[in-house]
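To start, the structure itself, in structure tokens.
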Amino acid sequence: MWTKEAAATAEARESGIRNKSSSSSQIPVVGVVTEDNEAQGVFKPMDLNRVIKLLEETDKDGLEEKQLKFVKKLVQCFQNGLPLRDLAQIFKILNLCAGKIKNQPRFVESAYDIIKLCGLPFLKKKVSDEITYAEDTANSIALLGDLMKIPSSELRIQICKCIVDFYHAEPPKKHIPGYQQASSSYKIQMAEVGGLAKTMVQSITLLEHQLVEKLWVLKVLQHLSTSEVNCTIMMKAQAASGICTHLNDPDPSGQLLFRSSEILWNLLEKSSKEEVIQQLSNLECLLALKEVFTNLFMRGFSHYDRQLRNDILVITTIIAQNPEAPMIECGFTKDLILFATFNEVKSQNLLVKGLKLSNSYEDFELKKLLFNVIVILCKDLPTVQLLIDGKVILALFTYVKKPEKQKIMDWSAAQHEELQLHAIATLSSVAPLLIEEYMSCQGNARVLAFLEWCESEDPFFSHGNSFHGTGGRGNKFAQMRYSLRLLRAMVYLEDETVNTDLCEKGTIQQMIGIFKNIISKPNEKEEAIVLEIQSDILLILSGLCENHIQRKEIFGTEGVDIVLHVMKTDPRKLQSGLGYNLLLFSTLDSIWCCILGCYPSEDYFLEKEGIFLLLDVLALNQKKFCNLILGIMVEFCDNPKTAAHVNAWQGKKDQTAASLLIKLWRKEEKELGVKRDKNGKIIDTKKPLFTSFQEEHKIIPLPANCPSIAVMDVSENIRAKIYAILGKLDFENLPGLSAEDFVTLCIIHRYLDFKIGEIWNEIYEEIKLEKLRPVTIDKKALEAITTASENVGKMVASLQSEIIESQARQDVQNEQKVYAKIQATHKQRELANKSWENFLARTSNAKTLKKAKRLQEKAIEASRYHKRPQNAVFHGTDIKGLNTTVPSGGVVTVESTPARLVGGPLADTDIALKKLPIRGGALRRVKAVEIVDAPKKSIPTMLQFQFDLQRSDEETLGVIEIQHIYENAKVHFITDL
């Protein structure tokens, strides 16, 4: 702003320059004109308090002109931005101007100009100004919402423009030295803190008939609703219902509906969804939504109208999730059902007469949304009659059929496939509520025929583009998956009409055939979907066969084979997360429902080692399977052939079934917090089965029809099942148990006695709590039962102590045996060492060798039988010239040339050798040694002796081989010492 002082200063500067130039020499000088500080953008200090004081004055002549003049000067001063430090005073001035508008309309322009300044950047001198002046800024911005009460269209629109500018911040027009622009999100944050959204929501009620102002306010709310904080504030201000009720207000531009739906979307996404739904769940809002949707459905032809129509339907679907929403009362439910089915079921209703959906993306999305809203609506039971009247089942079944060739279709192949899957998924929710309509449409026959097509080899290229088509690209898995889900939903209604019809149509055989076909063609790529299909098949079979012997017989050996196939699954896959756990649960359920109770199937299951497979799964120690498997085994043990199979099973480290069950018992008691000592012995003989839960919850009097904690404990854990199984296997003949197992078995054996005593104890305690006095006989009986139960506990504890002591003694004996073995080993080593020393002494000392020889001969002589029988021929066993110091064995094997060639046995034993090769102190196989002066007489080509020699101290074999080779004149000696 140019002031008189600034102008004078500029003129003085200019004249000074000119004077200096004139006083200088004739050299031309260029005059430089500089702007003043204010022209450069520096704020000239302005006394805002003076302006405020002036505006607060009244009843003076010419005061209004003066006030307007000062406000105008203020606007000119801050035309490049508002400093945060002055913001509170500027908005106070704005508030004073607004207060004068009613009596002095000329102040509208002043207020307008100041509000216009609020759209300019906020300026800070220090970085900390944003924090320092945060409260003043928030209160100032909140004032904008309060000013919406002023009945001035021009002012209201400018306020809205100013707030919208918060979200489209622009840099200052001029750079002002000493100041910098506040962060771009600062105004938005201060608007949240100040609660601007609340006052803007409240201003809607002031604009009933002002369309332009209303559209601007909706534009502001659309921007504000992008923040979660503002959405919460708007929700508390009842913005949802306030906006929804005005959806049908006249608006040629169409902005009102667009901006309102956008705000409702944001409120649902970014604030309490439940609270917003509650606000919209009133008759007025639903009627407005119904009218808007119907108009757009019937008359909306543009791309924009169709998108808006779909948005309204999604909002309606969300509201329909609230069971308290009057969807039926306002007629919206009936219209939605009509719109969902008019393409498939011809209707004469005027709303859909002549209407037809195109294959555009928006209409395709609309069809899926209508299917979805039917699923939501059917959860409200009063809707069932409307679904019957609208022939929803018949409309949905038009999609449950194989593709027909050479037929003109309303949808593309990919769209039809997606709608087909969506329709089958919708049937899974709707059909169980409309059994009669389902049966009248031949629902079972349609689904089974469609499944037959799914299983066939007919060429079909699936697109698998949608959520429902996941994993179904290039195959029919998606169609099979949702068809089986539909059948499973119908079977589990346990409606005898539906199930009988399914069995009569051969569903059991068809399901087994599909299962076999799937496992014969493994598909690892779509493994998760294949597992889900297998699970559903087994669940359908379980639902059909349960409590029906004839159907179990139809299930037969083929059904048992598919169950066994699943039971043989690699246990490591149970941790893969691809659905193997669900498949195993379904398999166990099918064993319970389809095999148990049918003796041929049970026998075949046992014959194929089914019990072994069950125990293998039980040994995996997966708690989620234990209860179900043990229940199955309890039932199987009624078959007399089962016990042999159970006892024959062996797990890792030769663990037996009884040992496994006892181990599970100990683990269960540990989890339940049952008191046991380190050896598993009973601690409290009065309450041997008490869990930590029972101790925490004291006994309270209960009605006769309510089970007590002790009774419920039987069904809530696996101890009763383990007791039943071991009881049927015979407690006295359980193989493969350790002492620890026997200690636990003592408790299991008396489980029923302990549980009976526990229940009687509860009865006694309840009588005391109710302050009742039983008659003498009953009291004595109760005391006798309690005492007997305690005595059983003491007896079991005593037996456990005996087992523990016996095991301790056995451990000591085993330890002593081990030590005796160690001692014998050491002694044997000492004897071997001594024997070796003697041997070395004989071989290194000639005197010792001779002495040993004499002792040997003496021992031989002493061992001979001196009394000769009559007519006996004595044969000498000594071999002369044989230099050995160990006794000969009992067997001598001689391989030689014929006696006629060598002149008799051992004729040449004393051959004098000229040279004897010795290496390393022992005789070894060496090369030939030449003999000097070889004898002239014939020498055998080979002479070999083999003796089994035995040393005196240890069993040792010695072999002496002597070979004479005539051709090469070689002699070989081999001796194993």
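Residue numbers are given in full-length UniProt numbering: position 201 of the sequence shown equals residue 201, and the series is strictly consecutive. Here a beta-carbon is modelled for each residue, glycine too, at the ideal position from N, C-alpha and C. Fair warning: this is a prediction, and the values are worked out from it, not measured in the lab.
*Over the uninterrupted beta strand (DSSP E) stretch that includes F122, give me the two end residues.*
122 to 124
*Taking the continuous alpha helix (DSSP H) assigned at E262, which residues delimit it?*
255 to 270
*Terminal residues of the alpha helix (DSSP H) in which I777 lies*: 776 to 844
_Where N343 falls, given that 16 or more other Cβ within 10 Å makes a residue buried_ = buried
_Range of the contiguous alpha helix (DSSP H) that encloses G727_ = 719 to 729
_Just verifying my parser: in three-state terms, what is the DSSP assignment at P869?_
coil
*asked:* I want to know whether the region 728 to 738 touches the region 785 to 802 - three or more CB-CB distances under 8 Å.
replied: no
*Cβ pair G242, I204 closer than 7 Å*: yes
_By DSSP's criteria, F485 is part of a beta bridge. Which residues make up the other side?_
Note on residue identity: the sequence assigns Arg, not Phe, to residue 485. Paired residue(s): none; R485 is not in a bridge.
*For K698, I'd like the list of residues in its chain whose CB is within less than 7 Å of its CB, leaving aside the five on either flank, ordered along the chain.*
none
*DSSP state of T58 mapped onto helix, strand, coil*: coil
*asked:* Using C-beta distances below 8 Å, list every residue in its chain close to Y186, excluding the 5 sequence neighbours before and after it, in chain order.
replied: F122, E130, T137
*Using the rule of at least 16 other Cβ atoms within 10 Å of the residue's Cβ for burial, across every protein chain shown, is R864 buried or exposed?*
exposed
*Quick one: is K721 buried, meaning 16 or more other Cβ sit within 10 Å of its Cβ, or exposed?*
buried
*Run through DSSP, which three-state label would T557 get?*
helix
_In chain order, each beta strand (DSSP E) run of at least 3 residues that lies wholly inside the region 612 to 645_ = none
*Excluding the 5 residues preceding and the 5 following F371 in the sequence, name in chain order all residues of the same chain whose CB lies nearer than 7 Å to its CB.*
A340, H422, A423, T426
_Excluding the 5 residues flanking N717 on each side, which residues of the same chain have their C-beta closer than 7 Å to its C-beta?_
E668, L672
*Contact check, D380 vs P323, beta carbons under 7 Å*: yes
_Same chain, Cβ closer than 7 Å to I629, five either side skipped, listed in chain order_ = L588, L614, V617, L618
*Three-state secondary structure (DSSP) at I17?*
Confidence at I17 is low in this model, with a pLDDT of 36, below 50, so its placement is unreliable and the value that follows should be read with caution. Correct three-state label for I17: helix.
*If you pair each beta-carbon of the region 144 to 161 with each one of the region 197 to 214, do three or more pairs fall below 8 Å?*
yes
*At which residues does the alpha helix (DSSP H) containing V220 begin and terminate?*
211 to 224
*Is the Cβ-Cβ distance between Q807 and A739 less than 7 Å?*
yes
*In three-state terms, what does DSSP make of P83?*
strand
*What residues match up with I682 in a beta bridge as DSSP calls it?*
R676
*Label T500 either buried or exposed according to how many other C-beta atoms from any shown protein chain fall within 10 Å of its C-beta, with 16 as the threshold for buried.*
exposed
*What residues in its chain sit with their C-beta under 6 Å from that of G16, if we drop five residues either side in the sequence?*
Here the model assigns G16 a pLDDT of 42, short of 50, so the residue's position is not dependable and the matter cannot be decided.
*Whose CA, out of K853, N627, D561, F555, lies closest to the CA of C593?*
F555
*Which of helix, strand or coil does DSSP assign to T656?*
strand
*Please specify which runs of the alpha helix (DSSP H), each continuous and at least 4 residues long, are wholly inside the region 410 to 436, giving them in chain order.*
413 to 430
*asked:* Taking 8 Å as the cut-off, does the region 507 to 526 touch the region 574 to 581 (at least 3 CB pairs, one atom from each stretch)?
replied: no
*How long is the line joining the alpha carbons of A489 and K476, rounded to whole angstroms?*
20 Å
*asked:* Output needed for L351: all residues of its chain with C-beta closer than 6 Å, excluding positions within five of it in sequence on either side, in chain order.
replied: none
*Are F605 and W649 touching if we call contact CB-CB under 7 Å?*
no
*From S542 to D741, what does the alpha carbon distance come to, in whole angstroms?*
37 Å
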